[in-house]
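Report on one structure; see the data block that follows.
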Amino acid sequence: MLPAEVVTERLLLRLWEPGDAGELAEIYAQPEYLETMPPANAAEQIAMWSRRWAVDGFAPWAACERETGRLIGRIGLLRHHDWPLVEDPVEVGWVLHRDYWGRGLATEGGRAGVHAWLGHLHDDTLYSFTQPQNIRSQAVMERLAMKRGGTTSWRGLEHVWYALAREEVG
Ligand SMILES: CC(C)(COP(=O)(O)OP(=O)(O)OC[C@H]1O[C@@H](n2cnc3c(N)ncnc32)[C@H](O)[C@@H]1OP(=O)(O)O)[C@@H](O)C(=O)NCCC(=O)NCCS
3 MLPAEVVTER LLLRLWEPGD AGELAEIYAQ PEYLETMPPA NAAEQIAMWS RRWAVDGFAP
63 WAACERETGR LIGRIGLLRH HDWPLVEDPV EVGWVLHRDY WGRGLATEGG RAGVHAWLGH
123 LHDDTLYSFT QPQNIRSQAV MERLAMKRGG TTSWRGLEHV WYALAREEVG
């Protein structure tokens, strides 16, 4: 089981609370989000992540700005059961409210996800997936020293995948 709460320099990564769905839904409705991501139902996702915490011992955290306590996105790890190239990979991922882009917060939270994988999971490789046009997400992957592996179709959409092998992490 991953820690339920992680504190970084500027972020509190915590479990989801019932009142979070509205704020997450606002992020999912932002045009900048929808430019690179398919529409998502915040309440359904939060319910799914709560089940994943119970079954897998981890799921993305709610990402809050420490200074204000405001929910500004989701960051963390998720085990996928339908990825076509390897069985049940663990993915590190991030979504931030548009007003919080450009400050290194996804990288900071993503780094906490990498540390959680290294310290608490046994999977040899950590993955990250995104669509080819999502350059910002790929830049986060590269800042985390993940290496581009290739492309594949997933859920009917072209995806780029990046990977970080445990033995590569110094
Ligand atoms: C993907 C996403 C989270 C990336 O956000 P981001 O702000 O670009 O990434 P970071 O938080 O790492 O910030 C990096 C930027 O902050 C700058 N920065 C400032 N301080 C920094 C610091 N301390 N550390 C790293 N970068 C810093 C970097 O130079 C970079 O600037 P740039 O945008 O001019 O290149 C964001 O674009 C998003 O939420 N998109 C919609 C959802 C989505 O697509 N998620 C990915 C799904 S696969």
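One gets my numbering by counting positions in the sequence shown from 1 and adding 2 to each. Beta carbons: idealized from backbone N, C-alpha and C, even for Gly.
With V97 as the anchor, note down where its beta strand (DSSP E) starts and where it stops. Following the DSSP letters along the chain, one finds V97 inside the beta strand (DSSP E) bounded by residues V92 to L98.
So, helix, strand or coil for G78, using DSSP? The DSSP-derived three-state label of G78 is strand.
Taking buried to mean at least 16 other C-beta atoms within 10 Å of its own C-beta, is M3 buried or exposed? exposed
What residues are listed by DSSP as bridge partners for F131? According to DSSP, F131 bridges with W163.
Under 8 Å between C-beta atoms of D22 and I48: yes
Confirm, please, whether the CB-CB distance from G75 to V97 is below 8 Å. yes
Using alpha carbons as the reference points, say which of L15, V92, R53 and M39 lies closest to L128. V92
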